[in-house]
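Notes for the one structure printed next.
In my numbering, the protein residues as written are 16 to 331.
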């Protein structure tokens, strides 16, 4: 068809020979950008380590307390920290190798077990708000229980924490032994294991049991949250000081990771964001820690007749 002598027949435009080259260049640029993104992505390049936590508090409180430390470590070192909370104290020794953990915040007794049996290398432990880097074991009761000494305990009930805790079992058993109690089964009407220090305190507060055993740091942590607790409980005895829960790592962990972990935690109090995390953790700073700091624990275990190489720490 024609109009005014002009043909309206449409013809395809000839293909631009530069189009294939342009498309190929674009493809190469996109591929290069994707490769660069993968190379610099933290999730692709960051080291990841698993750190175990003992169940000194209920699982939610424990994770809430430690997760900010994990985030801080990752921000400062690029090392991603995955926390794993054990169902009971003894599990942390049992499961350390099986679950391929890289480190753990060990209690003093589980730390001694791990040093002796696994060759764990302690790195750091916290300096608390009261400027101590240690804790004591408490034996306590309600003020209205009428119990004030060991003889008053006979025929009553007692709650321990776990056979793999210094404050929650090793110290009270040694204390009772020093006062002539050689068989808790016959001396007490009932005894059982609470599984965590806060659960032991709560059991005594709620009159489910007459006597409790726990570490002073958790005891006073609960008092800070509810000051009335101090008026309701009476401390019957306390232990010598033991090193606070320390971060210890497996001996074959990469040296550079050990150094980064140690330096990041030791320098937390030097920067505002680190001090904020420490405040939530109820600590002033972290201190360097070595095997020698566990001497009081090794000594207490020996006094209690415990062979760390062969100790049966499962609760019965």
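The beta carbon of each residue, even a glycine, is placed where N, CA and C say it ideally should be.
Which residue wins for smallest C-alpha separation from residue i, given the options the options?
i	options	result
residue 217	310, 287, 156	156
residue 305	208, 225, 134	134
residue 148	116, 300, 329, 294	300
residue 228	206, 247, 241, 240	206
residue 273	76, 118, 101	118
residue 93	279, 287, 194, 302	279
residue 204	225, 309, 197, 327	225
residue 223	253, 190, 160	160
residue 62	323, 268, 158	268
residue 146	314, 298, 82, 236	298
residue 173	136, 187, 144, 65	187
residue 114	76, 168, 198, 68	68
residue 323	153, 170, 265, 108	108
residue 169	144, 196, 266	196
residue 310	162, 271, 215, 181	181
residue 258	122, 111, 110, 112	122
residue 116	283, 266, 270, 308	266
residue 308	240, 242, 137, 158	137
residue 201	171, 219, 230	171
residue 315	236, 238, 235, 256	256
residue 244	64, 220, 231	220
residue 141	293, 241, 275, 325	293
Near residue i, what residues of its chain come up, given a Cβ to Cβ distance below 7 Å and the 5 sequence neighbours on each side ignored?
i	result
residue 85	96, 98
residue 211	70, 71, 72, 73, 176
residue 139	261, 262, 277, 280, 281, 301, 302, 303, 304
residue 100	68, 70, 74, 77, 78
residue 56	With a pLDDT of only 44 at residue 56, under 50, the local geometry of the prediction cannot be trusted, and no value is derived from it.
residue 271	none
Could you please give the first and the last residue of the uninterrupted beta strand (DSSP E) stretch that includes residue i?
i	result
residue 266	Unbroken run through residue 266: none, as it is neither H nor E.
residue 182	Per DSSP, residue 182 belongs to no beta strand (DSSP E) and is neither H nor E.
residue 230	226-230
residue 70	Where residue 70 is concerned, there is no enclosing beta strand (DSSP E), given that its DSSP letter is neither H nor E.
residue 251	248-253
residue 339	Here the chain comprises residues numbered 16 to 331, so residue 339 is not present and cannot be evaluated.
residue 156	152-157
residue 142	136-143
Over the uninterrupted alpha helix (DSSP H) stretch that includes residue i, give me the two end residues.
i	result
residue 289	287-296
residue 220	212-220
residue 242	Segment: none, residue 242 is in no alpha helix (DSSP H) and carries neither H nor E.
residue 166	165-168
residue 319	Element bounds for residue 319: n/a, residue is neither H nor E.
Quick one: does residue i have its CB under 9 Å from some CB of chain C?
i	result
residue 136	Here there is only one protein chain, and chain C is not present.
Residue i and residue j look like a contact to me (Cβ under 8 Å); what is the Cβ gap, rounded to whole Å?
i	j	result
residue 263	residue 127	Between residue 127 and residue 263 the Cβ distance is about 10 Å, and since that is not below 8 Å, they are no contact.
residue 233	residue 246	In fact, because the Cβ distance is near 18 Å, the residues do not count as touching under 8 Å.
residue 151	residue 253	5 Å
residue 66	residue 120	7 Å
residue 319	residue 189	5 Å
residue 111	residue 312	About 18 Å separates the two Cβ atoms, so there is no contact after all.
residue 154	residue 248	About 11 Å separates the two Cβ atoms, so there is no contact after all.
residue 183	residue 215	7 Å
With a threshold of 6 Å on Cβ separation, who are the neighbours of residue i within its own chain once the five nearest residues in sequence on each side are excluded?
i	result
residue 26	Low local confidence applies: a pLDDT of 46 at residue 26 is under 50, so the model's placement there is unreliable, with the coordinate-based value given in what follows. Excluding sequence neighbours, residue 26 sits near nothing in its chain.
residue 60	Unreliable placement is indicated for residue 60, whose pLDDT of 48 sits below 50; no coordinate value is reported for it.
residue 49	No answer about residue 49 holds up, because its pLDDT of 49 lies below 50 and its placement is not dependable.
residue 144	297
Output needed for residue i: all residues of its chain with C-beta closer than 8 Å, excluding positions within five of it in sequence on either side, in chain order.
i	result
residue 288	87, 90
residue 194	165
residue 82	98
residue 80	72, 295, 296
residue 103	70, 177, 179, 210, 330
residue 158	246, 247, 248, 249
Next item on the list: Ignoring anything shorter than 3 residues or poking outside the stretch 79-130, list the beta strand (DSSP E) runs there in chain order.
Entry: 95-100, 118-121
Next item on the list: With a floor of 4 residues, list each alpha helix (DSSP H) that falls wholly inside the stretch 183-208, ordered by position along the chain.
Entry: 186-193, 199-202
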